[in-house]
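Below is one structure; the comments refer to it alone.
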Amino acid sequence: GAVVSQHPSWVICKSGTSVKIECRSLDFQATTMFWYRQFPKQSLMLMATSNEGSKATYEQGVEKDKFLINHASLTLSTLTVTSAHPEDSSFYICSAREREGGSEQFFGPGTRLTVL
Amino acid sequence: RKEVEQDPGPFNVPEGATVAFNCTYSNSASQSFFWYRQDCRKEPKLLMSVYSSGNEDGRFTAQLNRASQYISLLIRDSKLSDSATYLCVVFNQAGTALIFGKGTTLSVSS
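Line by line, the protein sequences are chains A and B.
If you count the first sequence from 1, position 63 lands on 63 in my numbering, and the numbers rise without skipping.
Just add 116 to the spot in the second sequence (first one is 1) and you have my numbering.
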């Protein structure tokens, strides 16, 4: 099956720093990637939809200037949490859709961010 | 009404039990429905898609009731390895992204 990787798996940083998370589709091309955030005992919340070569579409309430998304190639999307604060500590998961119009998404293993 | 609502759980059952999870969705135009499984601190993994005619995969059976906007998952002969959180998932109104329910936690004990 299709494999999606994320890097790093976990990161601890000081408040005010920026953190970049990478999401890669390893054996397929992903025209669309999705970024989710999950707080403890909560559901995955879609943050933004990232289309290769164009600007990401952010969900309501997600600050686009704080969560910078870049989808420069068909196999890589990055999420940068700028000026991270403790309330940004969460589990960030990306997913990739293999083909246009396809419904199945393949999820990365997630990145656990802890901001001190 | 939330887009996707699930049984609050947790469900604690013995091995061999049959357990059912329910889910309701708010968008009557939704076309695609799924059950995902998520283990603690792991990414969600697709368990099965839910079709209008219902579908079965081994011990797992999914049903869809469009009139009631209701989805169910039945697990027969529960195994210890079934312990996880089960997420009900539907496409958003635009049909472009998945919307997850909060999940129902299942704990199977010996």
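Positions of the beta carbon are idealized from the N, C-alpha and C atoms, including for glycine.
None of these values were measured; they are calculated from a predicted model.
Check: Can you tell me whether DSSP reads residue 198 of chain B as helix, strand or coil?
Finding: The residue you call residue 198 of chain B lines up with position 82 of the second sequence. In the structure shown, the three-state DSSP call for residue 198 of chain B is helix.
Next item on the list: Please check if any C-beta of chain A sits within less than 9 Å of the C-beta of residue 120 of chain B.
Entry: Looking up residue 120 of chain B in the second sequence gives position 4. Chain A contact via Cβ: present.
Note to self: The beta strand (DSSP E) that contains residue 22 of chain A, what's its start and end?
What the structure shows: Translated into the one-based positions of the first sequence, residue 22 of chain A becomes position 22. Start and end: 19–25.
Next item on the list: Consult DSSP for residue 98 of chain A and reduce its assignment to one of helix, strand or coil.
Entry: Here residue 98 of chain A corresponds to residue number 98 of the first sequence, with the count starting at 1. The answer is coil: DSSP assigns residue 98 of chain A none of H, G, I, E or B.
Note to self: Please classify residue 88 of chain A as buried or exposed, where buried requires at least 16 other C-beta atoms within 10 Å of its C-beta.
What the structure shows: Numbered from 1 along the first sequence, position 88 holds the residue referred to as residue 88 of chain A. With 16 or more other Cβ atoms within 10 Å, it is buried.
Checklist line | Validate contact between the stretch 140–150 of chain B and the stretch 190–197 of chain B using beta carbons, cut 8 Å, 3 pairs | finding: Below 8 Å, too few C-beta pairs join the stretch 140–150 of chain B and the stretch 190–197 of chain B to call them touching: fewer than three.
Next item on the list: Say whether the stretch 62–79 of chain A touches the stretch 30–48 of chain A, bearing in mind that this needs 3 or more beta-carbon pairs closer than 8 Å, one atom from each stretch.
Entry: In short, these stretches touch, since the Cβ pair count reaches three.
Checklist line | Between the CA atoms of residue 215 of chain B and residue 160 of chain B - distance to the nearest angstrom | finding: The count along the second sequence starts at 1 and reaches residue 160 of chain B at position 44. The count along the second sequence starts at 1 and reaches residue 215 of chain B at position 99. Cα-Cα distance, rounded: 13 Å.
Margin query: In the DSSP assignment, the beta strand (DSSP E) including residue 37 of chain A goes from what residue to what residue?
Written below: Taking the first sequence and counting its residues from 1, one reaches residue 37 of chain A at position 37. Membership of residue 37 of chain A in the beta strand (DSSP E) is indicated by the continuous run 32–38.
Item checked: Proximity test, Cβ basis, 9 Å: residue 140 of chain B and chain A -> Here residue 140 of chain B corresponds to residue number 24 of the second sequence, with the count starting at 1. When Cβ-Cβ separations below 9 Å define contact, residue 140 of chain B makes no contact with chain A.
Item checked: Local Cβ density within 10 Å of residue 111 of chain A, reported as buried at 16 or more and exposed below that -> On the first sequence, position 111 is the one that residue 111 of chain A refers to. Burial call: buried.
Notebook entry, point to check: Grouping DSSP H, G and I as helix and E and B as strand, with all else coil, what is residue 130 of chain B?
Noted result: Here residue 130 of chain B refers to the residue found at position 14 when the second sequence is read from its first residue. Of the three classes helix, strand and coil, the one that applies to residue 130 of chain B here is strand, per DSSP.
Checklist line | Proximal residues, the stretch 137–167 of chain B versus chain A, C-beta separation under 9 Å | finding: For the stretch 137–167 of chain B, the beta-carbon criterion of a distance under 9 Å to any beta-carbon of chain A is satisfied by 147, 148, 150, 152, 154, 157, 158, 159, 160, 161, 162 and 165.
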